[in-house]
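In the working numbering, the protein residues as written are 716 to 1055. Heads up, the beta-carbon is just placed ideally off N, CA and C, and yes, glycines get one too. Below is one structure; the comments refer to it alone.
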Ligand code: 5GP
Ligand code: MN
């Protein structure tokens, strides 16, 4: 954060009483953890604070301190619009464009309220009075820690703040293994543990609370995996019928896309998940090394994200989406084989 951004932030906080904090659609651990971490920090400083998510988020995050307080745009439309209209200041966390909140974005665009963005995705839009954007950061939760530090608030870290920020960093770094995990990330983690984050318990709550159905779905997914050795790539499909058979619940497919990357030589992995209700195929894309799935998802599948983790969608059938995907690969053959 620059000195100018910090001074603007301090000024905005000085004249605000009611603050709203918003994460992206289909919130992940980083979105929920960073929003709730900031929530407790601001609440403890005396602000009236609300956390709003565009829609529901996975059960493995619902134990996080403060998660009971989260409002959902999809479920509590009127209360959410009202809360936003009364806000003096809105923080948007872990996303770089208002359309990343789905239909909620139109409400946000219509507001006459200053925004502060805290985010680590590339190519941020310019809607905020303060854009604290840093693509080198492991997670937005790590940025919230630094943000609290900028505001001289580290002495105010509570177990609630520490637990939420730890969970955000943990999930966005793939348990501290992705390249953006820096020495500073580990120093931040150390301070969060000192402030009361129970690291072992957080890992258990997030990774060891799965249902037998989810495990069965993983079996189906791995069985469906197709390797494309010519492109150092692999993909997985899950049809609506397969999801229904395993009683699919939100969050059940989280992390599935990473499995193919554990195969030697695979640097690009995609999962295609059919959603009959929305009439789309939801895609998650992951890579190792320099191959940019952010560019790939932006160019071909109405999505985006980071270099090594992105999302996208297609309105074709599952079969046709996979066909389209395979037809694009030859133009990336050199880039993909270079990275493997
Ligand atoms: P996931 O595959 O877990 O849905 O998303 C991976 C990363 O890509 C996350 O950082 C997420 O915020 C981002 N992402 C997912 N879908 C989209 C999308 O449609 N547009 C953009 N710009 N980013 C996305
Ligand atoms: Mn993130």
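- Per the CB criterion, closer than 7 Å to any heavy atom of the ligand MN, the qualifying residues run in chain order as 743, 745, 746, 809, 835, 854, 855, 887.
- Any heavy atom of the ligand 5GP counts here; residues with a Cβ closer than 5 Å to one of them, in chain order, are 999, 1018, 1019, 1020, 1024, 1025, 1026.
- For residue 912 against residue 881, the beta-carbon gap comes to about 4 Å, under 8 Å, which counts as contact.
- Contact between the segment 751-769 and the segment 891-900 is absent: fewer than 3 CB-CB pairs across the two stretches fall below 8 Å.
- Boundaries of the alpha helix (DSSP H) harbouring residue 798: 792-801, taken from the DSSP string.
- Excluding sequence positions up to five before and after residue 736, its CB lies within less than 6 Å of the CB of 750, 753, 754, 766, 806, all in the same chain and listed in chain order.
- For residue 865, the uninterrupted alpha helix (DSSP H) run begins and ends at 855-865, by DSSP.
- Using a Cβ-Cβ distance cut-off of 8 Å, the segment 790-808 and the segment 937-957 are not in contact, since fewer than three pairs of beta carbons, one from each stretch, lie closer than that value.
- Nearest neighbour of residue 972 by Cα position, chosen from 717, 789, 1001, turns out to be 1001.
- One alpha carbon belongs to residue 794, the other to residue 1050, and they sit about 48 Å apart.
- Residue 1009 and residue 1025 have their C-alpha atoms some 5 Å from each other.
- Taking the Cα positions, residue 831 is about 43 Å away from residue 960.
- In the structure shown, residue 969 adopts coil according to DSSP, grouped into three states.
- Pairing residue 742 with residue 721 gives a Cβ-Cβ distance that is not under 9 Å.
- Distance from the Cα of residue 822 is smallest, within the candidate group 796, 828, 926, 845, for 796.
- For residue 861, the closest alpha carbon among the candidates 1045, 756, 761, 1015 is that of 756.
- Beta-bridge analysis with DSSP links residue 848 to 834.
- The alpha-carbon separation between residue 876 and residue 1034 amounts to approximately 44 Å.
- According to DSSP, residue 950 shares a beta bridge with 941, 985.
- Judged by beta-carbon spacing, residue 987 lies beyond the 9 Å limit of residue 1015, meaning their Cβ atoms are not closer than that value.
- In the DSSP assignment, residue 763 falls within the beta strand (DSSP E) that extends over 763-768.
- For residue 808, the CB contacts under 6 Å within the same chain, skipping 5 residues up- and downstream, are 738, 749, 750, 833, 855 in chain order.
- One Cα belongs to residue 952, the other to residue 729, and the distance between them is close to 50 Å.
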